[in-house]
Every structure is written in structure tokens, then in C-alpha cells.
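Chemist: At position 1 of the sequence shown (counting the first as 1) the number is 1 in my numbering, and the numbers step up by one without a gap. Take this structure first; my questions come after.
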Amino acid sequence: MADESITRFETAGGARIYRLPMQVFPSLRAYAHLVIADDYVALIDVGSGQGESDGHLRAGFARVADEWGERVGWADLDRIVITHAHIDHHGGLNMVRGLSDAPIAIHELDRRVLVHYEERLALSRFRLGVFLHHAGVDDVRRTKLLNMYSGSKHLFHSVEVQDVLRDDDLLDGRFRIIHVPGHCPGQVCLQLDDVLFTADHVLPGVAVFLSPESLTAATGVDHFLQSLRKVKDRAGVRLALGGHDRPVHDLHEAVTKIETAQAGRIARIYDLCAEPHSVAELTSVLYPSVGAYDELLALQKVGAYIEYLDQRGRLAVANLDEVAENEASVPRYHAA
Ligand SMILES: [Zn+2]
Ligand SMILES: [Zn+2]
Numbered sequence: 001m002a003d004e005s006i007t008r009f010e011t012a013g014g015a016r017i018y019r020l021p022m023q024v025f026p027s028l029r030a031y032a033h034l035v036i037a038d039d040y041v042a043l044i045d046v047g048s049g050q051g052e053s054d055g056h057l058r059a060g061f062a063r064v065a066d067e068w069g070e071r072v073g074w075a076d077l078d079r080i081v082i083t084h085a086h087i088d089h090h091g092g093l094n095m096v097r098g099l100s101d102a103p104i105a106i107h108e109l110d111r112r113v114l115v116h117y118e119e120r121l122a123l124s125r126f127r128l129g130v131f132l133h134h135a136g137v138d139d140v141r142r143t144k145l146l147n148m149y150s151g152s153k154h155l156f157h158s159v160e161v162q163d164v165l166r167d168d169d170l171l172d173g174r175f176r177i178i179h180v181p182g183h184c185p186g187q188v189c190l191q192l193d194d195v196l197f198t199a200d201h202v203l204p205g206v207a208v209f210l211s212p213e214s215l216t217a218a219t220g221v222d223h224f225l226q227s228l229r230k231v232k233d234r235a236g237v238r239l240a241l242g243g244h245d246r247p248v249h250d251l252h253e254a255v256t257k258i259e260t261a262q263a264g265r266i267a268r269i270y271d272l273c274a275e276p277h278s279v280a281e282l283t284s285v286l287y288p289s290v291g292a293y294d295e296l297l298a299l300q301k302v303g304a305y306i307e308y309l310d311q312r313g314r315l316a317v318a319n320l321d322e323v324a325e326n327e328a329s330v331p332r333y334h335a336a
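Right, here's the structure in full:
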């Protein structure tokens, strides 16, 4: 983007990293990372494919040559890695596939989103409908939120994936793969020498999006917290580069702050459960005036924290008789 320069980093092993800024949604910036080591060239994430994102990614390639004298083009790419199957990280694949034949790699748990996108969306919509009902969202509102959700159908069409990643793999003999489920089932961090690419796992200034495991396995608060512990004291990391937000120079400190913020959020929701509340009621207390899309995200976030507390036996259902008799009723949670 015109107002943000392309930053260059170098790993201890001499690989060059260019951080390419993109406006992935009107209110969200993201970064793709172009990595050049000897004659090997990899692109980590590709933006959303929406709005200006594709244009910013193409411009980023050109600017690496113009501003840094690095002669690299789309035809030089040896590898495309998608850190996780959220549209702001993989949506640009439809454009990129037209520019490069480089093999695409993604973790095995997120592969299905890329190769069966339409199917995932349909199944997610169904599960989301069930979740919203039990959260206590009325039918009119629920239909509106679900239609908005499926409105993103046309934004991506499925692509083939050539390589599947698993925890502790060494991709292309260079990137150590660290599986960090929570924000997304198949999210990975990648370590190259002393640099860790953290995707959306460690973002110092952003409250990461979490949804309940009841919607998608291997997401949710518990997986996220476990995955934070997995990277917190990772040996040999001098610099962490996320998919959004600023670079992190002290990973341990950044993760500690995120853990503290999470503990605060869990405590706040637990405190609110001194009185019985449905997920929808808690959401309207915590996020009183948000637009429809943010409301959908907020409901899932609150659902994730309620699930976390409930899994640990810290909540009880106040209207248990009603819920036991009628499966369509809305559970209202209070502190056990
Ligand atoms: Zn994400
Ligand atoms: Zn993201």
C-alpha cells in the first residue's frame, strides 16, 4: 500500500524476508511474507482476494524489485504456504494460481476448506444455525445472520492443494512446522532460522477471533491456550512476524500478555454469569452496538468462552428442567 513501506528482515541463516502489506477488508490490514533463501522463493499467505487485496499483493512483488533491488517474479516462486484457512489469508489464491504454478501447502486440518470450499460453507452454515438457535438468537435475526454468512460464497472457488502439513514437519528442508490449533483447526506457525511466522496465533495488539469447538473441532479457547504454551518459550526465536499487526521482538512477553488478556476475558464472562444469561444476552452486554457481521463474530466468541467455562464445570444451566424437556429451548448459564 502506498502509505506503508515494505519492510525487509534477514534471518540468522541469511534468508531475506519481505513483509508485503495488503488491505484485506476495508477495516483490516494483513501481511503476506515473501521469503528468499539462496535460489528458493516462498510466499506465505496471499491476502483475501477482495477489494484491493490482490492489487496490493501484486504491487508488493513489484515494489520488492523497485525498492530493494530484489529481482523476483511470480515465475520464480517455489512454494506457496497458507498458514490457515481464513479468507483473509487464502482468498488471494484464485489470482495467485493464475500467476504461479508453485505447489500450495496447508495443514491437513485446513486443507478441506481450500479444496471443498462450497461444501465447508454449507456445512458451517448448518452448524452455525444450530449454534445461534441455542445461543438464544431469534429466528428472524438468525436467518439474517446466516444469509449474510452465506453471502461470502462467491468470494472464493476451490483450488487444489499439493502438499499437506503436519506438526513438526520440515517443509522444503527449511521451515519447521508448528501446529497451533485454536483460532483455526489447522493453523501453523513456521520457523525459519531465528524467525517465527506466527500467522494469527500471536498478534500483540489484536483480540484474536475464537469460536466454540462445538462449531468446528480443534478450535476454541482451550486449544488456543494450549497452542500459546506451545510457542511461548520456543527456542531460538528472535523475531515473530504475524499475519496482521506489528512484528514481535519478545515472543515470551507477547504471549504472556495474550494469556493475561484471555484470563481477563474468561473472568469477566464468569462474573457476568452471577445472574443466568443465554449466550445472546451475554453478547449484547459485552458488545452492545456492533454491526451484523461483528455481531456474528461476537456471538461465536462469547460461545467459545461459555464453552470453556462449561467444559470445566464452572457453569450450570439455570433452566435445566426446560432444557431437559424441550431440545429447542435456550440454555441460560450461571456460575456453578
Ligand atoms: Zn485467521
Ligand atoms: Zn487473519
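Ideal Cβ positions, reconstructed from N, Cα and C, are used throughout, including at glycine.
Three-state secondary structure (DSSP) at Y18?
Modeler: DSSP places Y18 in strand when its eight states are reduced to three.
Chemist: Quick check on the contact list: which residues have their beta carbon closer than 5 Å to a heavy atom of ligand 2?
Modeler: Cβ atoms closer than 5 Å to ligand 2 belong to D88, D200 and G243.
Chemist: From E52 to M22, what does the alpha carbon distance come to, in whole angstroms?
Modeler: Looking at the two C-alpha atoms, the distance is approximately 7 Å.
Chemist: Please list the terminal residues of the continuous alpha helix (DSSP H) segment that includes Q226.
Modeler: Note, Q226: alpha helix (DSSP H), V221 to K232.
Chemist: Counting only the same chain and skipping the five closest in sequence on each side, list residues whose C-beta sits under 7 Å from that of C189.
Modeler: Cβ neighbours of C189 beyond the five flanking positions: I178, V180, L196, F197, T198, A199, H201 and V231.
Chemist: Does any heavy atom of ligand 1 sit closer than 6 Å to the C-beta of H86?
Modeler: Indeed, a heavy atom of ligand 1 lies less than 6 Å from the Cβ.
Chemist: From which residue to which residue does the beta strand (DSSP E) around E10 run?
Modeler: Here the beta strand (DSSP E) through E10 covers T7 to E10.
Chemist: Could you please give me the residues that DSSP links to L192 through a beta bridge?
Modeler: The partner list for L192 (beta bridge, DSSP) reads V195.
Chemist: According to the Cβ coordinates, are D245 and L203 closer than 7 Å?
Modeler: Closer than 7 Å, so yes.
Chemist: If you follow the beta strand (DSSP E) that F175 is part of, which residue opens it and which one closes it?
Modeler: Element bounds for F175: F175 to H179.
Chemist: Using the rule of at least 16 other Cβ atoms within 10 Å of the residue's Cβ for burial, across every protein chain shown, is L320 buried or exposed?
Modeler: L320 comes out exposed.
Chemist: State the DSSP-derived secondary structure class of F25, mapped to helix, strand or coil.
Modeler: Note: F25 maps to strand in three-state DSSP.
Chemist: Judging by CA-CA distance, which residue of I6, G243 and S27 is the nearest neighbour of E70?
Modeler: Selected option, being the one with the closest Cα: I6.
Chemist: Return the Cβ separation of H334 and E275 in integer angstroms, given the expectation that the two are a contact with Cβ distance under 8 Å.
Modeler: Yes, they are in contact, since the Cβ atoms of H334 and E275 sit about 7 Å apart, within 8 Å.
Chemist: Just the C-alpha distance for E327 and S158, rounded to the nearest angstrom, thanks.
Modeler: Spanning the two alpha carbons is a distance of roughly 36 Å.
Chemist: Could you pull the start and end residues of the beta strand (DSSP E) that D163 belongs to?
Modeler: Taken as a continuous stretch (DSSP letters only), the beta strand (DSSP E) holding D163 covers D163 to L165.
Chemist: Relative to the alpha-carbon of D194, which residue among E10, E4 and K257 has its alpha-carbon at the smallest distance?
Modeler: Ranking E10, E4 and K257 by Cα distance to D194 puts E10 first.
Chemist: By the 10 Å Cβ neighbour count, where 16 or more other Cβ atoms means buried, how is G13 classified, buried or exposed?
Modeler: It is exposed - the Cβ of G13 has fewer than 16 other Cβ atoms within 10 Å.
Chemist: I want to know whether the region 207-226 touches the region 162-177 - three or more CB-CB distances under 8 Å.
Modeler: Cβ pair count under 8 Å is below three, so no.
Chemist: Based on the DSSP output, what are the partners of R79 in its beta bridges?
Modeler: In the DSSP output, where bridge partners are listed per residue, R79 has A42.
Chemist: G51 by DSSP, collapsed to three states: which one?
Modeler: In this structure, G51 counts as coil in the three-state DSSP scheme.
Chemist: Under the criterion of a Cβ to heavy atom distance below 6 Å, does K257 qualify as lining ligand 4?
Modeler: Summarising the ligand content, the structure contains ligand 1 and ligand 2 and does not contain ligand 4.
Chemist: Measuring CB to CB, does G91 end up less than 7 Å from S152?
Modeler: Not a contact, by the Cβ cut-off of 7 Å.
Chemist: Put H33 into one of helix, strand or coil per three-state DSSP.
Modeler: It is a strand residue.
Chemist: Would you kindly work out how many angstroms separate the C-alpha atoms of R238 and L228, rounded to a whole number?
Modeler: Rounded to the nearest angstrom, the two C-alpha atoms are 17 Å apart.
Chemist: With G303 as the anchor, note down where its alpha helix (DSSP H) starts and where it stops.
Modeler: It spans A292 to Q311 - the alpha helix (DSSP H) in which G303 sits, taken as one unbroken run.
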